[in-house]
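Enquirer: Numbering (my numbering), first residue to last: 455 to 766.
One structure is given below, represented as structure tokens, and several questions about it will come after.
The structure is reproduced here in structure tokens:
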């Protein structure tokens, strides 16, 4: 019997699959605006190991890890380098595979969809949510009506009235509620854009994963994984979008790994306290980093420093 800690129920429970001996598994991948750092590598290594263990136990695993290739950070990076978002994405997706080569990941059986390959499905999901009363359009932007989804907050174990606005949620006067999040963004000058019923624009970050989960794995997943920083708002919003659309449970088992800390703080590009993965793998065998990442419980924060790697 396999048991898994499920973030939603906050319990260790018996692992049961939708289909006998098959597992459909989705892990949130990187936003490809830069080389990945070793904090990004922790979920990549951990969930690759989960997949390998399930295969060892006899399961056939369909494993999807996306690339977010349209995002505010992508646009900022393209503007800084005087190039296009598409070229930035192509560059750093190539770098991703180079950087992770020594980690011995099962890339030959991993599906890596890109957000921009699934825009029509994203538009359809927004239309569906709008028709059901879960979304509303204002001046070319479309927002999710959070109060309409009564179970909002169930993954992060928060009540709507007590929720703090997450870092990725920008307050503006168009919203009915400050917690409402963006499904579709109105096009700005010199930004990538697609035609839609609400005018030219681009998808919101949370929308992308709901669509790719359903397209490649179905309406209900056996496992959805990612770092603890994604629980709220990203995964909370995925649940709201997907379950409002399908009327079904979105994920049966939510798994989240702990942070990788440096100097007592979460490793983060935005904070400037990080090591790029390629900095480490140029000096150490990728198997050493893999061993280091797996040498403590996956849900606990892990301290990082070059001395720790050197001591392995």
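Think of the CB as a built atom: it goes at the ideal place given N, C-alpha and C, for glycine as much as any other residue.
In this text the structure is predicted, and so the values were computed from the model without any measurement.
Could you compute how far the alpha carbon of residue 826 sits from the alpha carbon of residue 707?
Expert: With the chain running from 455 to 766 in the structure shown, residue 826 is simply not present.
Enquirer: Ends of the beta strand (DSSP E) at residue 710?
Expert: Residue numbering aside, residue 710 sits at position 256 when the chain shown is read from its first letter. 708–711 is the extent of the beta strand (DSSP E) around residue 710.
Enquirer: Ends of the alpha helix (DSSP H) at residue 638?
Expert: For the purposes of this step, residue 638 is identified with residue 184 of the chain shown, where counting begins at 1. Not the alpha helix (DSSP H): residue 638 falls in the beta strand (DSSP E), residues 636–640.
Enquirer: Check the C-beta distance from residue 630 over to residue 590 and give it rounded, since I have them as a contact under 8 Å.
Expert: Here residue 630 refers to the residue found at position 176 when the chain shown is read from its first residue. Here residue 590 refers to the residue found at position 136 when the chain shown is read from its first residue. Residue 630 to residue 590, Cβ: 7 Å. Contact.
Enquirer: Have a look at residue 716 and residue 728 and give me their C-alpha separation to the nearest angstrom.
Expert: Mapped onto the chain shown, residue 716 falls at position 262. Mapped onto the chain shown, residue 728 falls at position 274. Those two C-alpha atoms are separated by around 7 Å.
Enquirer: Does the stretch 542–558 come close enough to the stretch 470–490 that 3 or more CB-CB pairs lie under 8 Å?
Expert: The stretch 470–490 is in contact with the stretch 542–558.
Enquirer: Any idea what DSSP makes of residue 746, helix, strand or coil?
Expert: One-based indexing of the chain shown puts residue 746 at position 292. Three-state DSSP puts residue 746 in a helix.
Enquirer: Identify every run of the alpha helix (DSSP H) within the stretch 507–540, keeping only runs that are complete inside it and at least 4 residues long; order them along the chain.
Expert: Counting only runs of 4 or more, we get 526–535.
Enquirer: Shortest alpha-carbon distance to residue 429 belongs to which of 579, 754, 536 and 523?
Expert: Nothing about residue 429 can be reported from this structure: the residues present for the chain run from 455 to 766 only.
Enquirer: Might you give, ordered along the chain, the residues of its own chain that have their beta carbon closer than 7 Å to the beta carbon of residue 652, omitting 5 neighbours on each side?
Expert: Translated into the one-based positions of the chain shown, residue 652 becomes position 198. The residues are 591, 594, 596 and 638.
Enquirer: Please give the ranges of any beta strand (DSSP E) in the stretch 639–706, keeping only runs that are unbroken, at least 3 residues long and fully inside the region.
Expert: Listed in chain order, the complete beta strand (DSSP E) runs (minimum 3 residues) inside the stretch 639–706 are 655–657 and 677–681.
Enquirer: If you reduce the DSSP assignment to three classes, tell me which class residue 460 lands in.
Expert: The count along the chain shown starts at 1 and reaches residue 460 at position 6. In the structure shown, residue 460 sits in a strand (DSSP, three-state: E or B).
Enquirer: Applying the criterion that 16 or more other CB atoms from any shown protein chain within 10 Å of the CB defines a buried residue, is residue 711 buried or exposed?
Expert: Counted from its first residue, the chain shown places residue 711 at position 257. It is buried - the Cβ of residue 711 has at least 16 other Cβ atoms within 10 Å.
Enquirer: CA-CA distance, residue 667 and residue 627?
Expert: Position 213 of the chain shown, counted from the start, is the residue given in the question as residue 667. Position 173 of the chain shown, counted from the start, is the residue given in the question as residue 627. Distance between the alpha carbons of residue 667 and residue 627 is about 31 Å.
Enquirer: Evaluate residue 490 with the Cβ neighbour count: other Cβ atoms within 10 Å of its Cβ, from every protein chain shown; 16 or more gives buried, anything less gives exposed.
Expert: Translated into positions along the chain shown, residue 490 becomes position 36. Residue 490 comes out buried.
Enquirer: Over the uninterrupted beta strand (DSSP E) stretch that includes residue 468, give me the two end residues.
Expert: In the chain shown, counting from the first residue as 1, residue 468 sits at position 14. That run of the beta strand (DSSP E) goes 465–468.
Enquirer: Note down, in chain order, each residue of its chain lying with its Cβ closer than 7 Å to the Cβ of residue 527, except the 5 sequence neighbours on either side.
Expert: Reading the chain shown from its first residue, position 73 is the one you call residue 527. Excluding sequence neighbours, residue 527 sits near 485 and 487.
Enquirer: Need the endpoints of the alpha helix (DSSP H) that residue 580 sits in, please.
Expert: As a working note, residue 580 is residue 126 in the chain shown. Counting along the chain, the alpha helix (DSSP H) containing residue 580 begins and ends at 573–585.
Enquirer: From this set, 460, 493, 646 and 466, which residue's C-alpha is nearest residue 683's C-alpha?
Expert: Within the chain shown, residue 683 is the residue found at index 229, counting from 1. Among 460, 493, 646 and 466, the Cα nearest to that of residue 683 is on 493.
Enquirer: Span of the alpha helix (DSSP H) holding residue 732?
Expert: Position 278 of the chain shown, counted from the first residue, corresponds to residue 732. Taken as a continuous stretch (DSSP letters only), the alpha helix (DSSP H) holding residue 732 covers 731–735.
Enquirer: State the beta-bridge partners of residue 564 as determined by DSSP.
Expert: Sequence index remark: in the chain shown, residue 564 carries index 110 (1-based). Looking at the DSSP assignment, residue 564 forms a beta bridge with 517.
Enquirer: What distance in whole Å lies between the Cβ atoms of residue 569 and residue 649, which are believed to be in contact at a cut-off of 8 Å?
Expert: By 1-based counting over the chain shown, the position of residue 649 is 195. By 1-based counting over the chain shown, the position of residue 569 is 115. Actually they are not in contact, since the Cβ atoms of residue 649 and residue 569 sit about 17 Å apart, beyond 8 Å.
Enquirer: Would you give the residue range spanned by the beta strand (DSSP E) that residue 715 belongs to?
Expert: Stepping through the chain shown from its first residue, residue 715 is reached at position 261. Unbroken beta strand (DSSP E) run through residue 715: 714–716.
Enquirer: If I measure Cβ to Cβ from residue 758 and keep anything under 7 Å in the same chain, skipping five residues before and after, which residues do I get?
Expert: Mapped onto the chain shown, residue 758 falls at position 304. These residues qualify, in order along the chain: 492, 714, 715, 716 and 721.
Enquirer: In whole angstroms, what separates the C-alpha of residue 606 from that of residue 731?
Expert: Along the chain shown, one-based indexing puts residue 606 at 152. Along the chain shown, one-based indexing puts residue 731 at 277. The straight-line gap from Cα to Cα measures roughly 35 Å.
Enquirer: Apart from the five residues on each side of it in sequence, which residues of its chain come closer than 7 Å, Cβ to Cβ, to residue 670?
Expert: Locating residue 670 in the chain shown gives position 216, where the first residue counts as 1. Answer for residue 670: 518, 565 and 567, listed in chain order.
Enquirer: Name the residue from 532, 609 and 529 whose alpha carbon lies nearest to the alpha carbon of residue 465.
Expert: If you number the chain shown from 1, residue 465 lands on position 11. It is 609 whose Cα lies nearest to the Cα of residue 465.
Enquirer: What does DSSP give as the partner residue(s) for residue 401 in the beta ladder?
Expert: In the structure as shown, the chain starts at 455 and stops at 766, and residue 401 therefore has no counterpart that could be examined.
Enquirer: Let's see if you can read the secondary structure: which residues bound the beta strand (DSSP E) around residue 479?
Expert: Stepping through the chain shown from its first residue, residue 479 is reached at position 25. Looking at the DSSP string, the run of the beta strand (DSSP E) that includes residue 479 is 476–481.
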